[in-house]
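This report concerns only the one structure given below.
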Amino acid sequence: MSELSVDHLLGIKYLNKTDIELIFETADQFKEVINRPIKKVPSLRDITIANLFFENSTRTKLSFELAEKRLSADVINFSASQSSVKKGETLVDTVNNILSMKVDMVVMRHPNPGAGVFLSKHVKASIINAGDGAHEHPTQALLDSYSIRERLGGVKGKNVVIVGDILHSRVALSNIYALQLQGANVKVCGPKTLIPKYIESLGVKVETNLRKALEWCDVANMLRVQNERMEISYFPSTREYTQQFGVNKTLLDSLDKEIVIMHPGPINRGVEITSDVADSKQAIILDQVENGVAVRMAVIYLLASKIKQ
Amino acid sequence: MSQKVLLNSKEVNIILHRLACQLIENHENFEETVLVGIQPRGRFLANRLADLLREEYKIKSIQLGHLDITFFRDDFRRGDKPLAANTTEIDFIVEDKNVVFIDDVLHTGRSIRSALTAIQSFGRPKNIELLTLIDRRFSRHLPIQPTYKGRQVDAIDEQRVKVNWLENAGEDVVYLVDK
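Sequence lines, in order, name chains A and B. Using the numbering used here, the final residue of the first sequence is 408, and nothing's skipped along the way. Using the numbering used here, the final residue of the second sequence is 182, and nothing's skipped along the way.
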């Protein structure tokens with residue numbers, strides 16, 4: 100059997116196509132496991148994982164913690180708000196202190212882009228990036244592609260549009276890398292102010308008309324407007340954003356095909372998508388959450404298998 | 004590398020019929036019994052026995068599943084190669100059922116130890132039996148013995164028993180291979 104080409108999951112940028120296929124094939128088996136009456140396997144009973152969250156998170160943290168527990172790993176949790184980081188400790192010191200408690204793997208979310216890469220060069224543990232600033236969020240992109248594969252039978256050749264706040268989104272960048280690696284066509288759509296200037300250098304097309312983008316695509320991934328990352332105003336008002344870039348049922352029903360709606364959560368209901376869209380059969384938002392656990396189990400399992408005893 | 008034939012196609016066929024008859028002796032109509040092939044190689048034998056019981060012995064209520072033990076193995080991170088997972092297909096509850104594990108070769112017993120743990124995710128069986136085509140009786144690491152066996156083989160550790168099936172290699176034959 101092949102193994103992952105990497106020792107850490109720092110970003111989709113560092114993976115190849117075979118890695119993604121291996122992760123998905125392993126996730127298939129874990130998806131079956133988490134639907135059993137007893138949802139736990141003993142594989143990682145001698146592995147300890149630290150979840151370091153230097154930034155708020157609900158579902159990613161829960162999803163990782165559940166994935167780790169379903170694999171029988173020992174788990175310790177850390178959030179920056181209750182830690183010595185506030186007292187001025189550096190990232191490497193914080194992590195090395197935790198590692199001296201014999202931790203094998205670190206799952207880290209950090210507000211600074213590249214924090215995971217930096218850490219992987221300075222500490223002896225397997226690192227999983229659970230989001231680094233506006234840079235990458237690899238497990239989210241993997242679970243998004245996995246959900247597309249599950250719903251449409253594959254990712255190759257599919258048209259995927261990522262709608263919304265591309266500028267501040269780590270989900271967008273990781274998704275672009277992951278989708279392109281698997282042979283999908285990617286467009287981004289949103290207000291010009293929220294689309295990075297050189298995005299086309301990644302090989303994605305920009306579409307500022309939502310209807311045109313939806314008519315083109317098989318899948319629309321609706322991103323959240325990240326107000327917390329905006330220091331200035333990027334569009335006149337939320338109402339105007341919704342009018343131009345929000346998806347409602349009328350718009351969806353007026354298309355001549357049934358497209359798949361995705362959202363990484365948390366949803367601002369009534370802003371990027373309306374409630375009737377979020378709760379419709381076309382939306383696979385809750386499947387994404389379920390698949391998140393299976394995909395994270397696969398990533399953790401495959402990385403753990405590379406940690407030598 | 005030299006190899007000698009332990010069982011040819013005709014002998015495999017006779018053994019399969021005998022094993023099927025032994026199962027019928029203990030389980031009659033199979034209403035309270037489920038057959039579980041151990042992935043990856045036990046599935047061929049399990050499929051073959053299930054077909055035989057259905058077609059030759061006209062037993063209608065055969066329930067067959069396949070159990071993957073990868074995530075329950077005790078050698079995770081101990082070998083050079085990572086462990087590849089296979090599919091588990093068990094669409095029935097094993098609670099209070101007689102479970103028959105089916106595997107091609109019983110060697111160290113570690114796979115069966117893993118299977119005993121893995122099957123608990125699907126309920127608490129009434130009892131568990133083990134059927135194996137080849138029993139390498141002097142190679143056991145654990146106190147595990149087959150309930151039904153096709154052929155007992157005395158092989159040394161340096162030798163390998165290779166089971167080929169019509170479905171995966173074009174013919175039914177069992178070889179003893181010197182590594």
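Backbone N, C-alpha and C fix where the C-beta goes; we use that ideal spot for every residue, glycine too.
With distance defined between alpha-carbon atoms, name the residue in A:T189, A:L114 and A:N308 nearest to A:E235. Residue mapping note: residue 235 of chain A aligns to position 136 of the first sequence, counting from 1. If we check each option's Cα against that of A:E235, A:L114 comes out closest.
With 16 other Cβ atoms within 10 Å as the buried cut-off, status of A:P136: As a working mapping, residue 136 of chain A is identified with position 37 in the first sequence. A:P136 is exposed by the Cβ-count criterion.
Rounding to the nearest angstrom, what Cα-Cα distance links B:L145 and A:Y400 in this structure? Within the second sequence, numbered from 1, the residue matching residue 145 of chain B stands at position 142. Within the first sequence, numbered from 1, the residue matching residue 400 of chain A stands at position 301. Spanning the two alpha carbons is a distance of roughly 27 angstroms.
Can you name the start and end residues of the alpha helix (DSSP H) that A:T238 belongs to? On the first sequence, residue 238 of chain A is found 139 positions in, with the first residue counted as 1. P237 to L251 is the extent of the alpha helix (DSSP H) around A:T238.
Helix, strand or coil at A:M321 according to DSSP, with G and I counted as helix: Here residue 321 of chain A refers to the residue found at position 222 of the first sequence. It is a strand residue.
Identify, in the order they occur along the chain, each residue of the same chain with its Cβ nearer than 8 angstroms to the Cβ of A:E102, setting aside the five sequence neighbours on each side. As a first step, residue 102 of chain A is located in the first sequence; it is residue number 3 there, counting from the start. The residues are L121, L401, S404 and K405.
Hey, A:K257 and A:D317: beta-carbon distance below 8 angstroms or not? In the first sequence, residue 257 of chain A corresponds to position 158, counting from 1. In the first sequence, residue 317 of chain A corresponds to position 218, counting from 1. Yes, these two residues count as a Cβ contact at 8 angstroms.
B:L38 beta carbon less than 8 angstroms from that of B:I105: In the second sequence, the residue the question calls residue 105 of chain B occupies position 102. In the second sequence, the residue the question calls residue 38 of chain B occupies position 35. Result yes, Cβ atoms of B:I105 and B:L38 sit closer than 8 angstroms.
Three or more C-beta pairs below 8 angstroms linking the stretch 272-285 of chain A and the stretch 228-242 of chain A: yes
Residues of the stretch 103-129 of chain A whose Cβ lies closer than 7 angstroms to any Cβ of chain B, in chain order: T125 and Q128
Could you tell me which residues DSSP puts in a beta bridge with B:L133? By 1-based counting over the second sequence, the position of residue 133 of chain B is 130. DSSP lists B:F104 as partners of B:L133.
Where B:V176 and B:K7 are concerned, what is the direct C-alpha to C-alpha distance, given to the nearest angstrom? Here residue 176 of chain B is taken as the residue at index 173 of the second sequence, counted from 1. Here residue 7 of chain B is taken as the residue at index 4 of the second sequence, counted from 1. One C-alpha to the other measures close to 10 angstroms.
Any contact of the stretch 96-111 of chain B with the stretch 73-82 of chain B, i.e. 3+ C-beta pairs under 8 angstroms? no
Which residue's Cα is closest to the Cα of A:I133: A:L266, A:L170 and A:H107? The residue you call residue 133 of chain A lines up with position 34 of the first sequence. Residue A:L170 is the option with its Cα nearest to A:I133.
Proximal residues of chain A, C-beta to C-beta of B:G126 below 8 angstroms: Numbered from 1 along the second sequence, position 123 holds the residue referred to as residue 126 of chain B. Simply P136.
Closer than 7 angstroms by beta-carbon distance: list the chain B residues that pair up with A:E131, in chain order. The residue given as residue 131 of chain A occupies position 32 in the first sequence. Here the neighbours are T91.
Can you list the alpha helix (DSSP H) stretches of 4 or more residues lying completely in the stretch 263-299 of chain A, in chain order? 269-280
Which ranges would you report for the alpha helix (DSSP H) in the stretch 21-66 of chain B if only whole runs of at least 4 residues count? 45-58
Using the DSSP secondary-structure output, state which residues sit across from B:K152 in a beta bridge. Here residue 152 of chain B corresponds to residue number 149 of the second sequence, with the count starting at 1. Note: B:K152 sits in a beta bridge opposite B:T135.
CA-CA distance, B:L9 and B:N50? By one-based count along the second sequence, residue 9 of chain B stands at place 6. By one-based count along the second sequence, residue 50 of chain B stands at place 47. Cα-Cα distance, rounded: 22 angstroms.
Going residue by residue through the stretch 202-230 of chain A, where are the continuous beta strand (DSSP E) segments of at least 3 residues, counting only ones entirely within it? 204-209
Verify the CB distance criterion: does A:P363 have a CB-CB separation below 8 angstroms to chain B? In the first sequence, residue 363 of chain A corresponds to position 264, counting from 1. By this cut-off, A:P363 is not an interface position.
Taking the alpha carbon of A:E357 as the reference point, which residue from A:P365, A:K348, A:P363 and A:G364 has its own alpha carbon closest? Against the first sequence, residue 357 of chain A aligns to sequence position 258. The residue with the shortest Cα to Cα distance from A:E357 is A:K348.
Looking at the strands, I want to know which residues DSSP matches up with A:S178. Against the first sequence, residue 178 of chain A aligns to sequence position 79. DSSP, once it has assigned bridges, lists A:F152 as partnering A:S178.
Which stretch, first to last residue, makes up the beta strand (DSSP E) that contains B:D181? Residue 181 of chain B sits at position 178 when you count from the first residue of the second sequence. Residues V176 to D181.
Roughly how many whole angstroms lie between the Cα atoms of A:G232 and A:F217? Stepping through the first sequence from its first residue, residue 232 of chain A is reached at position 133. Stepping through the first sequence from its first residue, residue 217 of chain A is reached at position 118. So the alpha carbons of these two residues sit roughly 13 angstroms apart.
Would you mind working out which of B:D157, B:N29, B:D99 and B:K152 sits nearest B:I17, comparing C-alpha positions? One-based indexing of the second sequence puts residue 17 of chain B at position 14. Comparing Cα positions, the closest option is B:K152.
Per-residue burial, A:S374 [other beta carbons within 10 Å of its own, 16 or more giving buried]: Position 275 of the first sequence holds residue 374 of chain A. Result: exposed.
Proximity winner among A:Q408, A:A393 and A:A319, relative to A:A377 (alpha-carbon distances): The residue you call residue 377 of chain A lines up with position 278 of the first sequence. Among A:Q408, A:A393 and A:A319, the Cα nearest to that of A:A377 is on A:A319.
I'd like to check one pair, B:R154 with B:V180: are the Cβ atoms closer than 8 angstroms? Walking along the second sequence from the start, residue 180 of chain B turns up at place 177. Walking along the second sequence from the start, residue 154 of chain B turns up at place 151. Result no, Cβ atoms of B:V180 and B:R154 do not sit closer than 8 angstroms.
Is A:R395 near A:P365, with beta carbons less than 8 angstroms apart? Within the first sequence, residue 395 of chain A is the residue found at index 296, counting from 1. Within the first sequence, residue 365 of chain A is the residue found at index 266, counting from 1. It is not a contact, given that the beta carbons lie outside the stated cut-off.
Pick from B:L86, B:N32, B:K182 and B:K61: whose alpha carbon is nearest that of A:E124? Within the first sequence, numbered from 1, the residue matching residue 124 of chain A stands at position 25. Selected option, being the one with the closest Cα: B:L86.
Where A:S199 and A:V174 are concerned, what is the direct C-alpha to C-alpha distance, given to the nearest angstrom? Numbered from its first residue, the first sequence carries residue 199 of chain A at position 100. Numbered from its first residue, the first sequence carries residue 174 of chain A at position 75. Roughly 15 angstroms separates the two Cα atoms.
Using the rule of at least 16 other Cβ atoms within 10 Å of the residue's Cβ for burial, across every protein chain shown, is A:V191 buried or exposed? On the first sequence, residue 191 of chain A is found 92 positions in, with the first residue counted as 1. Counting Cβ neighbours within 10 Å, A:V191 comes out exposed, since fewer than 16 surround it.
Just mark A:K255 as buried or exposed, buried being the case when its beta carbon has 16 or more other beta carbons within 10 Å. As a position in the first sequence, residue 255 of chain A is number 156, starting the count at 1. Classification for A:K255: exposed.
Buried versus exposed, by CB contacts within 10 Å (16 or more), B:I96: Counting from one through the second sequence, the residue named residue 96 of chain B turns up at place 93. Result: exposed.
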